[in-house]
Each structure stands twice: as structure tokens, then as C-alpha cells.
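See below for the structure under consideration.
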Amino acid sequence: MPIRVYNTLTRQKEEFHTVEPGQVKMYLCGPTVYKPAHIGHMVGPVIFDTIKRYLAYCGYRVTWVVNITDIDDKLIHKANELGTTVEALARRMTDDYFDNLRLMGVDGIDHFPYATQHVREMHEIIQSLIDQGFAYPLNGDVYFNCTHDADYGKLSRRSLDEVMAGTRVEANDRKRHPADFALWKSSKPGEPAWPSPWGPGRPGWHIECSAMARKLLGDEIDIHGGGLDLMFPHHENELAQSESCTGKPFARYWLHNGLLRKSSGGKIGGEHDRHGDVAASEADLMAQKAEQEEQKLAGSKGAESVKGLFVQFPPETVRFFLLATHYRSPVDFGEDRLAECEKSIDGFYRLIETFSRLTKPDFFFVLPASQTREASHDLAGEPAAYFAELAALRARFLESMDDDFNTGGAVAALFDMRKTLNGFIADQKLEGEGRSNTNALTALTRGMTLFKELANILGVFRQPVTKPSGGGGNEAFTNDLMQFLITLRADSRKAKQFEIADKIRKSLTDLKVTLEDRPDGTGWRRDA
RNA sequence: GGCGUCGUAGCCAAGUGGCUAAGGCAACGGAUUGCAAAUCCGUCACGCGUGGGUUCAACUCCCACCGACGCCUCCA
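Going letter by letter, the first sequence gives residues 1 to 528 in the working numbering.
Following this line, the structure appears as C-alpha cells:
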């Protein structure tokens with residue numbers, strides 16, 4: 001069963017075949033580092049990190065490049081505004097970006113090339129384009145000659161006329177065609193500048209990607225990714241430059257992720273309609289208006305920084321949330337969505353806790369999991385129905401991933417697997433009299449191993465959750481105190497003094513601590 | 001205005017030219033429990049924006065309409 005991917009270039013799903021067998025070259029447009037990353041900047045990295053994990057799991061050797069654009073008009077303006085230098089600002093924002101990637105579990109990026117360190121490579125492409133008639137110098141600038149490029153516009157499917165219709169003609173009327181874009185921009189006094197054959201200046205917006213992709217991955221790459229908003233003009237121009245320069249197809253598959261939209265809190269429609277009073281309809285109008293004002297996160301002032309978001313939700317919740325939806329769909333991003341998502345994730349952690357309690361191997365650090373599809377263990381065994389179910393779930397997970405990296409379907413398989421594993425624990429009474437049934441415990445461990453294998457592909461459940469939870473609290477003192485209360489309550493229950501027992505539990509509930517009475521004792525967890 | 005995407009239960013969200021339309025959250029019934037929590041079992045779209053068309057057969061293809069949204073503004 002081949003992997004199929006949706007290619008923006010052809011607007012359809014295609015079978016995935018790499019330029020070189022067994023080798024995937026992947027390029028994702030990274031950030032311009034002039035402000036702290038917001039959550040929208042994490043969508044691409046999380047998705048392509050997952051794609052890389054899956055391709056590696058399927059046996060490909062994957063090289064993944066994400067550029068850092070550290071010279072740009074926006075950077076210059078922002079640095080001026082803050083009274084700092086472009087380098088200092090870029091450095092700070094790049095560190096912020098790296099921090100966020102790490103927190104989100106994005107660790108598969110092989111190269112982070114910096115634009116400022118590849119000016120020479122850019123010059124080579126620009127010179128080659130000039131030599132071939134695809135570009136022309138003009139007063140210290142160099143422009144790409146769109147008219148000379150027969151298939152310009154093929155990615156975003158617009159003709160030169162259409163491009164022109166949407167272009168502002170005011171600024172550069174000396175360009176041969178309004179759609180022509182700058183490869184090299186001459187610098188004004190005081191601006192960062194690099195020497196070039198056409199005079200001192202800085203790179204145009206798109207050239208850095210062409211240069212760095214070519215240097216690190218070669219003339220032909222397999223996957224080029226980015227947000228849908230980059231399709232035009234950025235990717236269109238990047239493609240035009242690269243292919244005009246080399247005469248070869250630049251990228252086989254163009255993958256574009258959908259954009260995030262900020263939804264302001266919960267939905268208010270629907271329920272209020274029933275009341276029918278004036279106040280309610282006013283509230284509805286307000287709600288509608290608020291919804292209309294939903295903004296795309298990018299560039300908007302209200303966009304919360306990633307770090308601000310992580311104060312409220314663990315990074316893993318955010319990652320899980322992003323993967324629960326198809327990568328090409330737009331996503332409404334709101335607190336209520338995240339909160340719901342966190343609830344559903346909690347169930348997975350309870351399963352992991354239960355497993356760790358029942359068996360020796362620690363799920364996170366000891367339990368081994370297959371790293372490749374090939375090596376994935378066979379799932380024959382007893383009880384047959386249980387293993388058959390696991391095998392079917394594994395197949396469903398992989399089928400979903402094969403189909404244009406449908407992480408939503410894969411997540412659903414994970415949920416079903418949770419149900420199967422919990423059901424097995426219940427059937428076998430592993431928390432009660434079946435506690436020492438080693439065969440059943442072994443079967444459970446195999447199931448959990450498979451679960452871990454699949455979760456690894458999505459990059460979730462790789463670390464113990466950071467928020468306080470289960471018996472896994474960090475502070476010994478708290479644990480001792482809880483143990484004391486639990487013993488006290490157990491004594492009360494034994495003596496049938498339920499008022500005292502319930503008072504203890506109720507008081508703990510008020511403190512957001514939940515007790516769980518299990519056959520083998522009482523556990524507790526804190527609800528954030 | 002031009003190009004493009006989408007509209008699936010109370011909410012979120014997969015998916016398919018034809019057996020019973022994934023999964024999550026919420027809700028409800030049952031098992032379990034002293035009562036809870038957790039877990040398990042069960043219920044929860046005769047229906048996939050509206051109206052046509054193609055087809056033996058469409059929610060899935062085509063057309064129109066309504067609605068939401070994106071890009072065309074150096075935003076991932």
C-alpha cells in the first residue's frame with residue numbers, strides 16, 4: 001500500500017515516489033525572526049515533524065531543512081523600532097523559536113540554514129538567472145523576469161494578467177512587468193548590506209529559500225512545505241526562480257497546511273435562541289459580531305505567543321490538538337477546544353499510569369517500541385480476540401497515515417486502542433484478583449508496546465506529563481501527606497464511618513484532588 | 001472583482017460511488033462502588049448546507065444557489 005500525498009501542484013492525491021529511492025528531501029519554510037513565535041508558526045513544524053517520523057518509520061532516510069530568515073525589511077524596521085541591531089533581534093527571536101520547537105517535541109529538523117550565511121549561494125542563482133534572461137538588473141536591484149518564464153503561476157494557478165490585477169503599480173513602475181519581483185534589493189544608507197555584482201544590497205524575500213534548499217538538498221527535492229498563505233507569492237516565486245535557474249523540477253510534492261484562526265472563546269449561538277427574549281438576541285448579535293471579527297492569527301496583534309499559551313496548556317496538548325485535525329483544514333484555535341482536547345488526553349495518561357502500576361517496565365523510559373514499520377512485532381497470541389483487535393487497529397492507524405498523513409484518523413485509532421487496552425485490563429481483572437496473571441500482564445505489555453510505537457509516530461506520549469497528575473507528584477512531602485489522608489480515610493471506611501471518609505474526600509475535591517478507590521488501594525490525582 | 005477551499009449529530013471532527021457514515025467532548029441507561037472517581041458495556045446523524053442532474057446506486061461525481069472562510073497586502 002503506497003503512501004499517497006495531496007500535491008498542491010496538481011491539486012490531487014498522488015502516489016509518493018522519491019527522486020532517489022529510499023531517500024526523502026524535505027524543505028519547510030521557516031520563520032522570519034523578527035518577533036516571538038505565535039502558535040501559528042508551530043503548525044508547519046508539528047505537521048512536518050510528524051510526516052518525517054512517519055516516513056522514517058516506513059523506512060525512508062529523511063533529510064529535513066527549515067530555514068531561518070534573518071534578514072528582511074520587517075527585521076530592519078523592528079530592530080530600528082526597538083533600538084537594537086538586526087543581528088541581536090534575529091538571534092533573540094531565533095532562540096525563542098528553537099525553544100518552542102523543543103517544547104512542542106519537534107526534534108527532527110536536520111538543518112537550520114540562515115539566510116545571511118548564504119548570500120554567496122544566492123548570488124550564484126541570481127547571476128545564472130541574469131545570464132539566461134530570467135532576470136535583469138535595474139538601478140542596483142535585480143528583478144525576476146516573469147514574462148520570460150513560460151509556466152509562471154503554475155502553483156497558485158494564476159495567469160500573469162491575474163497577478164497583475166492584484167498588484168500595486170505605484171511603487172516600481174520601472175519594472176518590466178508589475179509581477180516581476182526583486183531577487184536583490186539595493187540598500188539605503190544605514191541598512192544592512194552585502195556587496196554584490198550589482199551593488200551593495202540585501203536579498204529579496206524568496207531567494208533565500210531557493211539558495212538554501214539547493215545547497216543542502218540539491219536541485220530536485222521531494223517535499224516542499226509551508227502554510228497555505230505562502231503559496232502565493234512566496235512559493236510561486238521560489239519555484240519560478242529555482243526551476244528557471246536549474247531547468248529541473250524543483251519539488252515533486254508541494255504540501256500546504258491550513259491556517260489557524262483564533263476563535264474568541266466558546267460558541268454562544270444555538271442555546272440562546274430558545275429563550276427568545278430581547279437580551280438574548282442582543283447577546284447573540286454580540287457573539288456573531290465577535291465571531292466575524294475572528295482574525296487569522298498571523299500578523300494580528302492579538303496573537304498569543306507560544307510561551308504565553310504554554311502557561312495554560314502543556315505543549316503536548318497543543319500538539320495533540322493540531323494533529324487531531326487534518327493538516328490541510330483550517331482550524332479554529334480557542335481555549336475551549338484545547339480544554340476539551342486536554343480532557344481526552346487525560347484518559348491516555350490514566351491508562352499509562354495504570355499500566356505502570358500493574359507492571360514493572362516504565363512506559364516512558366523502559367518500554368521498548370519498534371521504530372520501523374518493518375520491525376513492528378507480529379501480533380499473534382492469546383487471547384486471540386484481543387490481539388486480533390490490536391492488529392486491526394494498527395492497520396487502521398497506518399492506513400490513515402498512508403492516506404495523505406491523515407493524523408485525525410490515526411488519532412481515532414489510538415482512542416480505540418485505549419478502549420481495547422482498558423477493556424483488557426477490566427476483563428482480566430488486572431487491578432484485582434488477576435493481578436498476578438503473568439500471561440495477561442505480558443499480553444498487556446505487548447499491547448502497550450504497540451500503543452507506544454504508534455504514539456511515537458505522532459510524537460505524543462513520549463514524556464511524563466509535566467503537570468501534577470496521578471501518584472506521580474514530584475514532591476515527597478505532598479505524597480507523604482496524601483498517604484496519611486488516604487490511610488486515615490481507609491480506617492474510617494473500615495469502621496463504616498462514612499461521614500468522616502466522605503468529608504476527607506470532599507475536602508480534597510475542593511482542593512482539586514480526586515481520589516480513586518481501586519481494588520488494590522486508593523490513588524489520587526490533581527486536576528489542573 | 002479575480003483565484004481557491006469548505007459546509008457531516010448539541011459541539012469538535014474523519015471518511016466513502018453501494019454492506020450497520022470513524023473517533024473525541026457532552027448527555028443518557030447499565031455493570032462496578034458504602035456513595036463517588038476511574039474503567040467497561042450500551043444508547044446517541046433513516047442523515048452528511050439547499051435545489052436539481054448523471055448513475056442500477058450519491059453524503060461521495062456534475063451544475064446552480066445559499067452560507068462560512070482563505071489568498072490576491074514581503075503573515076507559517
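Ideal Cβ positions, reconstructed from N, Cα and C, are used throughout, including at glycine.
Just so we're clear, the structure is a prediction, and the values are computed from it rather than from any experiment.
Cβ neighbour criterion (16 or more within 10 Å) applied to ASP527:
As a first step, residue 527 must be located in the first sequence, where it is residue number 527. Exposed is the call here.
Give the DSSP-derived three-state secondary structure of ASN67 in the structure shown.
For this step, residue 67 is matched to residue 67 along the first sequence. Note: ASN67 maps to coil in three-state DSSP.
Backbone CA spacing between TYR57 and ARG373 [nearest angstrom]:
Start at 1 with the first residue of the first sequence, and residue 57 comes out as number 57. Start at 1 with the first residue of the first sequence, and residue 373 comes out as number 373. Each residue's CA atom was taken as its position, placing TYR57 and ARG373 some 6 Å apart.
In the segment 135-171, which residue ranges form an unbroken alpha helix (DSSP H) of at least 4 residues, counting only runs that do not cross its ends?
Within the segment 135-171, complete alpha helix (DSSP H) segments of at least 4 residues are found at 160-165, given in chain order.
Identify every run of the alpha helix (DSSP H) within the segment 349-411, keeping only runs that are complete inside it and at least 4 residues long; order them along the chain.
Correct list: 384-402.
Kindly indicate which residue of LEU28, LEU9, PHE48 has the alpha-carbon position closest to the one of LEU322.
Residue mapping note: residue 322 aligns to position 322 of the first sequence, counting from 1. Ranked by Cα distance from LEU322, the options LEU28, LEU9, PHE48 are led by PHE48.
Rounded to whole angstroms, what is the Cα-Cα separation between ASP336 and VAL411?
Walking along the first sequence from the start, residue 336 turns up at place 336. Walking along the first sequence from the start, residue 411 turns up at place 411. Near 19 Å, if we compare the C-alpha coordinates of VAL411 and ASP336.
Nearest-angstrom Cα distance between PHE98 and GLU453?
For this step, residue 98 is matched to residue 98 along the first sequence. For this step, residue 453 is matched to residue 453 along the first sequence. Rounded to the nearest angstrom, the two C-alpha atoms are 26 Å apart.
Flag ASN237 as yes when its Cβ comes closer than 7 Å to any non-hydrogen atom of the ligand MN, and as no otherwise.
For the ligand MN, the structure offers nothing, since it holds no ligand at all.
Once the 5 residues before and after ILE207 are set aside, which same chain residues still bring their CB inside 6 Å of it?
Mapped onto the first sequence, residue 207 falls at position 207. MET122, LEU183.
Runs of beta strand (DSSP E) lying entirely within the segment 45-107, each at least 3 residues, in chain order
Those beta strand (DSSP E) runs which fall completely within the segment 45-107 and span 3+ residues are 61-66.
Report the residue from TRP524, ALA443, ASP107, LEU458 whose alpha carbon sits nearest the alpha carbon of THR478.
As a first step, residue 478 is located in the first sequence; it is residue number 478 there, counting from the start. Answer by Cα proximity: TRP524.
Would GLY218 and CYS29 qualify as a contact pair, given that the criterion is a beta-carbon distance under 8 Å?
Here residue 218 refers to the residue found at position 218 of the first sequence. Here residue 29 refers to the residue found at position 29 of the first sequence. No, the Cβ-Cβ distance between GLY218 and CYS29 is not below 8 Å.
N-terminal and C-terminal residue of the alpha helix (DSSP H) that LYS307 is part of:
Here residue 307 refers to the residue found at position 307 when the first sequence is read from its first residue. Element bounds for LYS307: 306-312.
Three-way DSSP call (helix, strand, coil) for GLY347 in this model:
Residue mapping note: residue 347 aligns to position 347 of the first sequence, counting from 1. DSSP places GLY347 within a helical segment (H, G or I) once states are collapsed to three.
Going by C-alpha to C-alpha distance, which of THR359, ILE500, GLU499, ASP378 sits closest to THR438?
Locating residue 438 in the first sequence gives position 438, where the first residue counts as 1. Answer by Cα proximity: THR359.
Under 8 Å by Cβ, that's how I've got PRO192 and ILE76 pegged, so tell me the actual separation to the nearest angstrom.
Reading the first sequence from its first residue, position 192 is the one you call residue 192. Reading the first sequence from its first residue, position 76 is the one you call residue 76. Indeed they touch by this definition, with Cβ atoms about 7 Å apart.
Just the C-alpha distance for ARG396 and GLN463, rounded to the nearest angstrom, thanks.
Numbered from its first residue, the first sequence carries residue 396 at position 396. Numbered from its first residue, the first sequence carries residue 463 at position 463. Rounded to whole angstroms, ARG396 to GLN463 spans 25 Å at the Cα level.
Rounded to whole angstroms, what's the CA-CA distance from HIS234 to ASP110? Just pull it up for me.
Position 234 of the first sequence, counting from 1, holds the residue named residue 234. Position 110 of the first sequence, counting from 1, holds the residue named residue 110. Spanning the two alpha carbons is a distance of roughly 23 Å.
Could you please give me the residues that DSSP links to SER186 through a beta bridge?
Within the first sequence, residue 186 is the residue found at index 186, counting from 1. Beta-bridge pairing links SER186 to GLY201.
Identify every residue that forms a DSSP beta bridge with GLY227.
Along the first sequence, one-based indexing puts residue 227 at 227. In the DSSP output, where bridge partners are listed per residue, GLY227 has ASN257.
Closest to ILE51 by CA distance: which of PRO189, PRO113, HIS224, ALA79 is it?
Against the first sequence, residue 51 aligns to sequence position 51. Closest option to ILE51, Cα to Cα, is HIS224.
Could you tell me the distance, in whole angstroms, from the CA atom of THR522 to the CA atom of GLU431?
The sequence position of residue 522 within the first sequence is 522, counting from 1. The sequence position of residue 431 within the first sequence is 431, counting from 1. The alpha-carbon of THR522 is positioned some 12 Å away from that of GLU431.
One or two residues paired with ILE221 in a DSSP bridge
For the purposes of this step, residue 221 is identified with residue 221 of the first sequence, where counting begins at 1. DSSP output for ILE221 lists ALA251 as bridge partner(s).
Note down the Cα distance separating TRP198 from ASP141, rounded to an integer number of angstroms.
Working through the first sequence from its first residue, we reach residue 198 at position 198. Working through the first sequence from its first residue, we reach residue 141 at position 141. C-alpha separation (whole angstroms): 7 Å.
Measuring CA to CA, which of LYS494, GLU220, GLY247, LYS78 is closest to ALA150?
Looking up residue 150 in the first sequence gives position 150. With distances taken between Cα atoms, ALA150 lies closest to GLY247.
Whether GLN241 touches ILE130 by CB criterion (8 Å):
Here residue 241 refers to the residue found at position 241 when the first sequence is read from its first residue. Here residue 130 refers to the residue found at position 130 when the first sequence is read from its first residue. At the C-beta level, GLN241 and ILE130 stay beyond 8 Å of one another.
Please report how far the alpha carbon of GLY269 lies from the alpha carbon of GLY334, in whole angstroms.
Here residue 269 corresponds to residue number 269 of the first sequence, with the count starting at 1. Here residue 334 corresponds to residue number 334 of the first sequence, with the count starting at 1. Confidence is the limiting factor: at GLY269 the pLDDT is only 24, short of 50, which leaves the residue's position unreliable, though a coordinate-based value still follows. Distance between GLY269 and GLY334, taken at the CA atoms: about 16 Å.
Can you give me the C-alpha to C-alpha distance between TYR54 and PRO137, rounded to a whole angstrom?
Within the first sequence, the letter at position 54 stands for residue 54. Within the first sequence, the letter at position 137 stands for residue 137. When only Cα atoms are considered, TYR54 and PRO137 end up about 44 Å apart.
Just to check my reading of the structure: LEU260 and VAL331 have Cβ atoms closer than 8 Å, yes? What is that Cβ distance to the nearest angstrom?
For the purposes of this step, residue 260 is identified with residue 260 of the first sequence, where counting begins at 1. For the purposes of this step, residue 331 is identified with residue 331 of the first sequence, where counting begins at 1. Contact holds; Cβ gap of about 5 Å.
Excluding sequence positions up to five away, which residues of its chain have a Cβ less than 6 Å from the Cβ of MET212?
Your numbering for residue 212 matches position 212 in the first sequence. Answer for MET212: ASN67, PRO113, HIS118, listed in chain order.
What do you reckon, are the CB atoms on MET42 and MET104 nearer than 8 Å?
One-based indexing of the first sequence puts residue 42 at position 42. One-based indexing of the first sequence puts residue 104 at position 104. Yes, these two residues count as a Cβ contact at 8 Å.
Here's the rule I'm using: 16 or more other beta-carbon atoms within 10 Å means buried, otherwise exposed. How should PHE204 be labelled?
Here residue 204 refers to the residue found at position 204 when the first sequence is read from its first residue. Note that residue 204 is Gly in the sequence shown, not Phe. Buried is the call here.
What residues match up with MET26 in a beta bridge as DSSP calls it?
For the purposes of this step, residue 26 is taken as residue 26 along the first sequence, with counting starting at 1. Within the DSSP secondary-structure output, MET26 pairs in a beta bridge with TRP64, ILE223.
Are the beta-carbon atoms of ALA37 and VAL306 separated by less than 8 Å?
Position 37 of the first sequence, counted from the start, is the residue given in the question as residue 37. Position 306 of the first sequence, counted from the start, is the residue given in the question as residue 306. A contact, by the Cβ cut-off of 8 Å.
ASP110, DSSP secondary structure in three states:
In the first sequence, counting from the first residue as 1, residue 110 sits at position 110. In the structure shown, ASP110 sits in coil (DSSP, three-state: anything other than H, G, I, E or B).
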